[in-house]
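What follows is one structure encoded as structure tokens, with my remarks underneath.
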Amino acid sequence: MEKSTDAELMDMVIRKNTRAYKILYARYELRIYNFIFRYTGKREIAQDLLQETFTRVWFAAHSFNQASGNFKGWLYTIALNIARNEMSRKRYAYHYLEVSEIQYNNEPANPRAEEPDIELEHADLQDTVAKALGKLSPLLREIVILKHYQQLKFSEIAEMTQTPEGTLKARFHRALAQLKELLEPLEF
Amino acid sequence: MPHENKDELLRLFYHEAAPPEEQKARQHLAGCEDCREYMRFLTGMNSALCQWQDEKPLPDTFDRILASIPPEQPRAIYVRPAISARPIFNIAFAMISILLLIYFVQSQISVLPLWQSLAQSWVIQALGSFGFVALVFFGFGTFITLSLAPILYFDLNKRTLHI
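Same order as they appear, the protein sequences are chains A and B.
Numbered per this note's numbering, the first sequence spans residues 155 to 342.
Numbered per this note's numbering, the second sequence spans residues 119 to 281.
Here is the structure:
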């Protein structure tokens with residue numbers, strides 16, 4: 155079953171097979187969690203929304219288009235809609251992510267590392283990038299996350315977001331230009 | 119490739135360009151400092167963004183997802199009998215009730231003083247008192263049904279759409 159395609163596993167999930175469901179979860183948990191985490195900037199929300207995304211996969215499995223077989227696109231669409239709904243709630247409506255709201259892994263991965271300075275420097279860089287992304291508008295942040303971190307093609311993002319590819323590319327250029335200004339001190 | 123087309127550079131950078139398109143873009147890059155500068159910018163941004171590395175969700179997330187899914191209830195299977203006498207009894211009961219009602223109404227109106235003059239009309243002469251009451255009943259029933267049909271039809275459609 156581990157070697158089955160996503161579409162084959164979804165066929166089993168429709169018939170309420172929890173083993174197939176677990177395999178699909180294992181394949182996509184990291185991607186979906188990190189997508190939502192970078193989008194919302196909050197680890198607890200990412201955890202909850204990851205859970206909500208996969209719960210929806212279970213209950214809406216019958217609506218998956220078997221003919222297209224594009225499970226990845228379908229899953230990202232669900233995750234994106236859930237994340238967008240979360241961000242459009244009142245508390246986020248009038249401002250972008252505040253810098254202080256963004257949670258990031260501030261601690262070095264291994265405190266006993268031989269070169270703690272390098273670890274700390276890396277944590278600082280991660281912090282700076284996270285803050286810079288948080289300052290982008292949700293639409294710009296979304297395209298950077300989907301393109302850069304999730305490695306999706308522009309055509310896939312266009313299909314998911316129902317937005318022309320040209321518009322997405324223009325947004326991506328704009329997002330990079332803004333990020334460049336925000337990350338200027340780093341001199342990449 | 120037009121000099122100012124940054125979209126083509128994006129496609130090249132993310133390996134989304136078709137081989138001939140890519141070759142054309144690379145030829146252009148070889149002689150265009152502005153485009154090379156933009157590619158360097160993309161490379162720089164790429165390495166900057168890579169600083170924010172992936173994290174793992176809590177290890178028990180899947181168990182929590184499974185716990186939030188209610189267990190599948192076994193569906194009660196209704197086996198339909200091959201032949202059922204119930205609809206026939208229902209229809210027979212309804213018909214007898216209607217006939218009794220008509221009989222009762224005609225016995226009541228035939229004692230009214232007005233009935234003596236009405237009984238002379240050709241309709242009652244032709245149908246009889248029972249037939250006349252039956253005709254009034256069914257006529258009224260048809261009128262009510264046709265009046266309510268459009269409302270019931272549209273209401274049913276509306277409910278279907280909401281589902």
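Yeah, the Cβ is synthetic: ideal placement off N, Cα and C, and Gly gets one too.
Keep in mind the model is a prediction, meaning the values are calculated, not measured.
Those residues of the region 167–179 of chain B placed with their C-beta closer than 8 Å to a C-beta in chain A are Leu167, Gln169, Trp170, Gln171, Asp172, Glu173, Lys174, Pro175, Leu176, Thr179, ordered along the chain.
For Lys323 of chain A, at least one C-beta of chain B is nearer than 8 Å to its own C-beta. Flagged as an interface residue toward chain A: Met163 of chain B, by a C-beta distance shorter than 8 Å. Interface annotation for the region 173–185 of chain A against chain B: Lys176, Tyr179, Glu183, Leu184, criterion Cβ-Cβ distance under 7 Å. The region 128–136 of chain B and the region 313–321 of chain A do not touch, with fewer than 3 CB-CB distances between them shorter than 8 Å.
Around the beta-carbon of Asp160 of chain A, 16 or more other beta-carbon atoms lie within 10 Å, marking it buried. Contact between the region 197–205 of chain A and the region 275–291 of chain A is absent, with fewer than three C-beta pairs closer than 8 Å. Put simply, the CB of Asn188 of chain A is near chain B, with a gap under 8 Å to one of its CB atoms.
Within the region 277–336 of chain A, the complete alpha helix (DSSP H) segments of 4 residues or longer fall at 292–298, 308–315, 319–336, listed in chain order. About 4 Å separates the beta carbons of Gln169 of chain B and Leu279 of chain A, which is inside the 8 Å limit, making them a contact pair. Put simply, of A:Ile297, A:Ala174, A:Asn171, A:Lys334 the residue whose alpha carbon is nearest the alpha carbon of Thr282 of chain A is A:Lys334.
The straight-line gap separating the alpha-carbon atoms of Gly227 of chain A and Gln305 of chain A is approximately 12 Å.
The Cβ neighbour count for Glu151 of chain B, taken over all protein chains shown within 10 Å, is under 16; the residue is labelled exposed.
Here the region 222–240 of chain A does not lie against the region 203–217 of chain B, with fewer than 3 beta-carbon pairs under 8 Å apart. Rounded to the nearest whole angstrom, the CA to CA distance from Ser239 of chain B to Gly257 of chain B is 18 Å. Using beta-carbon distances, Glu134 of chain B counts as an interface residue toward chain A, with a partner under 8 Å.
With respect to chain B, the C-beta atom of Lys334 of chain A has a partner C-beta closer than 8 Å. Per DSSP, the continuous alpha helix (DSSP H) segment holding Phe211 of chain B begins and ends at 204–227.
In the structure shown, Phe256 of chain B falls within a helical segment according to DSSP collapsed to helix, strand and coil. Where Asn188 of chain A is concerned, the enclosing alpha helix (DSSP H) starts and stops at 172–194. Leu163 of chain A is not a Cβ neighbour of Ile186 of chain A, given a cutoff of 8 Å.
Ranked by how close their Cα comes to the Cα of Ala185 of chain B, the residues A:Lys307, A:Trp212, A:Gln332, A:Met166 have A:Trp212 in first place.
For Arg182 of chain B, the nearest CB of chain A lies under 8 Å from its own CB, placing it at the interface with that chain. In this structure, DSSP gives Thr209 of chain A a helical state, which the three-state scheme calls helix.
Rounded to whole angstroms, the separation of the alpha carbons of Lys170 of chain A and Asn123 of chain B is 49 Å. Under the criterion of beta carbons closer than 8 Å, Tyr193 of chain A and Arg295 of chain A qualify as touching, at roughly 6 Å. For Val167 of chain A, the enclosing alpha helix (DSSP H) has its first and last residue at 160–168. Distance from the CA of Ile311 of chain A to the CA of Phe189 of chain A, rounded to the nearest whole angstrom, comes to 13 Å.
A direct Cα-to-Cα measurement between Thr179 of chain B and Arg173 of chain A gives close to 15 Å.
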